[in-house]
Every structure is written in C-alpha cells, then in structure tokens.
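*Asks:* My structure is below; once you've seen it, I'll send some questions.
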Amino acid sequence: MPELPEVETVRRTLKTLIIDKTIESVDVRFAKMIKKPDDVHAFELMLKGQTIRDITRRGKFLLFIFDDVEMVSHLRMEGKFATRSYSEPENKHTHVIFTFTDGTSLHYNDVRKFGTMHLFPKGEALETLPMKQVGVDLYLDQVDLDTVYPKITKSTRAIKNILLDQQLLAGLGNIYVDETLFRSNVHPMTKGHALNRLEVKRLLTEAQAVIEEAVKQGGTTIRSYTSADGNMGMFQQTLNVYGQTDKPCPVCRTPIEKTKVSGRGTHFCPVCQVIKQPEE
DNA sequence: CTTATCGCCTGAAGGC
DNA sequence: TGCCTTCAGGCGATAA
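When you read off a place in the first sequence, starting at 1, and then add 36, the result is the number in the working numbering.
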C-alpha cells in the first residue's frame, strides 16, 4: 500500500523517466477511475499533445504538471505506474495507457481498481478537491505543534485514527502509523484527549522521522509495491511492529500483538505501548 | 459540527 | 479438488 515514502519514491523515479515527454494519445480502459472530468473522452482529449513539465506530490497524491493541465493521481491500495520499456507489458490490470510521441508509453496498473485520477486546468488542482483538503505534509512541511496539538486533544477518537486522517497530517498509512505509535510508546487505542503536549510532540517527531528514513530506503515493499522502474523498497527490514505478529518486540522481547482498530489490522507491543487514560 | 460505518475491488490464504 | 469465507485497506459517501 503506497504511503508517503512509496509515493515519493514513485514520483522521483517517474520524473526521471518521463519528464519532457509529450503525450500522443491516452487510452482509458476502466472509466470509473477517472473522477474528473465526467466524460472520459474529454480526459483523453485534454491530455493529447501535452508535455510533462514536472511531477510533484502532496501527502499520498501525485500531481503531474503539463503545459495547460494538471493531473492528480492517487494510487490507493495497489496502483502503480510502469513505463513500457522498463516493466511488464500490458495486462488485464492495465487501466490507463499514456502513449508518448517518442513511441514509449506509461501504463497505470491497479489490481483492485481503487486508484483515482482527476484532470484540471492548470493551477486549479491544489485549490480543488481532493487535493484541497490535504493537510500538513509530513515530509515537505514544517509541522506546527501549536496547530496540531489542540486538534488531537479535543478529539475522543483513537490516536491511530487521528494520525491516519489526511486532513490533519498527510502521508501516514497503516504501516507507518503503527511504526510511529510504537516508536512513541503510545497504544493505538489511546484517545486523543488522553495525550499531553509532550506525547503529541513525540508522535509528530517520530512520524516525521519514520517517514524520512523510509524515503531514504525507497519505501517498504510488502506484497506488491515496487517503484516505477520495478525496484523494491528496503524499509521492510526496519519495521518494528507492522507484520511482526508474534515476533519479539525489538525493545523488550514481548511478542508483538495484532488486533483491529476501526477495521484495520493493528500491530503493537503490549508492554511498550500501554493505553493511557485521560488525566484529572 | 463530530465520529462511525459501508462499499468499492481482486487475489491470496485458510477451513472443511 | 473445490467451494466458501476472510483478509488486505484508503477514502468518499452516507448515516448517526
């Protein structure tokens, strides 16, 4: 599941592969993934003749900047881009094909069909949904404790769910949120209003640290993720709790437990991460 | 306003 | 072998 570090790795790889290429044609095979414009044919026509000038990222969204338009892409669970010359040929999970004027092409593949694409006139993507509501980027932005702290401590939600809320902090998914909570010694079910300022500060610091380390390692490859050139990430070797059920905690050797929090698989150390009740 | 739940999707894995 | 169920999970839509 691509989270911030995986999306950033895809962005960097993709940029070196397709920058300055011009689109000859676009072929959408699975219309439902195109969320804007409403008409898929219009999506294809708007991109025709456009040259890719830059690829940026906010949270888990990729933003392709062309001469006159901007394309927003979210990979969700298993979306991946592959250039034709470097990766597998077209398959039954190829949903969009961008063919360039030099004869090469870019394929969007997605087994679960959860990924989305939006196309906007230039300059509108960041001002419009879905990117409009993306919160503070944990890799690019300065995180302001005075802004985040009250939002967390006014909430009755489990801290894991708060940290997964992309409108507050953008970039964490199920892997890195479990890792962040472990490094911060916070139990995933702890209520937001049970945390003090120091604990919130620690969570933000650890979230940024784990994201930065994972970007350096090229992301985490679990099951299917690879970068746009087919390379795997290396961060899975560094995971402390995610996918480590029944293995000893790296700190205290207690077996890592797995439970569910709001339907998501959740890994934690029952000794290092204890639920804290609200004080007073 | 907030928070919780559902549905979208397919393939792998496990039970019998 | 084969059928059925569960799980993986981000996030928009809908409900409470």
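Don't be surprised by glycine CBs; every beta carbon is placed ideally from N, CA and C.
Give me, in chain order, the residues of the same chain whose beta-carbon lies closer than 8 Å to that of Gly-171; leave out the 5 immediate sequence neighbours on both sides.
*Replies:* Around Gly-171: Gly-95, Asp-201, Gln-202, Gln-203, Leu-204, Leu-205 and Ala-206.
*Asks:* Taking 8 Å as the limit between beta carbons, can you name the residues of its chain near Leu-199, skipping five residues before and five after?
*Replies:* Once the five neighbours on either side are set aside, the close Cβ partners of Leu-199 are Leu-205, Leu-208, Val-213, Thr-216, Leu-217, Leu-239 and Ala-243.
*Asks:* Give the DSSP-derived three-state secondary structure of His-129 in the structure shown.
*Replies:* Of the three classes helix, strand and coil, the one that applies to His-129 here is coil, per DSSP.
*Asks:* On a CA-only basis, which of His-129, Phe-102 and His-223 is nearest Lys-51? Give me that one, please.
*Replies:* Here the closest residue by C-alpha is Phe-102.
*Asks:* Please check the pair Gly-269 and Gly-255, which I expect to be a contact at CB under 8 Å, by giving their CB distance rounded to whole angstroms.
*Replies:* That pair is a contact at about 3 Å.
*Asks:* Could you check whether Asp-56 and Thr-87 sit closer than 8 Å to each other, using their CB atoms as the reference points?
*Replies:* It is a contact, given that the beta carbons lie within the stated cut-off.
*Asks:* Of all the options Lys-84, Asp-74, Val-76 and Met-107, which has the alpha carbon lying nearest to the alpha carbon of Asp-90?
*Replies:* The option with the nearest alpha carbon to Asp-90 is Met-107.
*Asks:* Report yes if the CB atom of Phe-66 is closer than 8 Å to the CB atom of His-110, and no otherwise.
*Replies:* Their beta carbons are not under 8 Å apart, which means Phe-66 does not touch His-110 by this criterion.
*Asks:* Go to Asp-63, then tell me how far its alpha helix (DSSP H) extends in each direction, as first and last residue.
*Replies:* Note, Asp-63: premise wrong, no alpha helix (DSSP H); beta strand (DSSP E) at 59 to 64.
*Asks:* Buried or exposed, going by whether 16 or more other CB atoms sit within 10 Å of the CB of Ile-161?
*Replies:* The displayed chain sequence assigns Ala, not Ile, to residue 161. That one is buried.
*Asks:* How would you call Ser-220, buried or exposed, if buried means at least 16 neighbouring beta carbons within 10 angstroms?
*Replies:* Label assigned to Ser-220: buried.
*Asks:* Who are the near neighbours of Arg-120 in its chain, counting only those whose CB is closer than 6 Å to its CB and skipping five residues on each side?
*Replies:* Hits under 6 Å: Thr-140 and Ser-141.
*Asks:* If you compare alpha carbons, which of Pro-125, Glu-114, Asn-210 and Leu-165 is closest to Lys-71?
*Replies:* Considering only alpha carbons, the answer is Leu-165.
*Asks:* Which residues share a DSSP beta bridge with Glu-293?
*Replies:* In DSSP, Glu-293 forms a bridge with Phe-304.
*Asks:* Among Asn-145, Thr-302 and Asp-104, which has the Cα closest to the Cα of Pro-224?
*Replies:* Here the closest residue by C-alpha is Thr-302.
*Asks:* Of the choices Pro-291, Gly-85 and Lys-68, whose alpha-carbon is the least far from that of Ile-59?
*Replies:* Checked all of Pro-291, Gly-85 and Lys-68; the closest Cα to Ile-59 is Gly-85.
*Asks:* Tell me which same chain residues have a C-beta within less than 8 Å of the C-beta of Arg-148, skipping the five on either side of it?
*Replies:* These residues qualify, in order along the chain: Arg-112, Met-113 and Glu-114.
*Asks:* Which residue from Ala-230, Phe-134 and Phe-117 puts its Cα closest to that of Val-64?
*Replies:* Val-64 has its Cα closest to that of Phe-134, out of Ala-230, Phe-134 and Phe-117.
*Asks:* Going by other Cβ atoms of all chains shown within 10 Å of its Cβ, with 16 needed for buried, is Asp-146 buried or exposed?
*Replies:* Buried, because 16 or more other Cβ atoms sit within 10 Å of the Cβ of Asp-146.
*Asks:* Report the residue from Pro-186, Thr-281 and Tyr-144 whose alpha carbon sits nearest the alpha carbon of Met-69.
*Replies:* Residue Tyr-144 is the option with its Cα nearest to Met-69.
*Asks:* Assign Gly-115 to one of three DSSP states: helix, strand, or coil.
*Replies:* Three-state DSSP puts Gly-115 in a strand.
*Asks:* At the level of alpha carbons, what is the spacing between Arg-47 and Lys-252?
*Replies:* Answer to the nearest angstrom: the Cα atoms are 14 Å apart.
*Asks:* Taking the alpha carbon of Lys-168 as the point to measure from, which residue in Lys-116, Phe-156 and Gln-178 has its own alpha carbon closest?
*Replies:* Measuring from the Cα of Lys-168, the nearest candidate turns out to be Phe-156.
*Asks:* Looking at the structure shown, is Leu-234 part of a helix, part of a strand, or coil, going by DSSP?
*Replies:* Helix.
*Asks:* Under 8 Å Cβ to Cβ from Lys-296, same chain only, skipping five residues before and after it: list those, please.
*Replies:* So the list reads Thr-302, once near-sequence residues are dropped.
*Asks:* Thinking just about the alpha-carbon of each residue, which of Leu-81, Thr-137 and Ala-250 is nearest to the one in Ile-54?
*Replies:* Selected option, being the one with the closest Cα: Thr-137.
*Asks:* Could you work out which residue in Leu-275, Lys-227 and Ile-247 is closest to Gln-8 when comparing CA atoms only?
*Replies:* Here the chain comprises residues numbered 37 to 316, so residue 8 is not present and cannot be evaluated.
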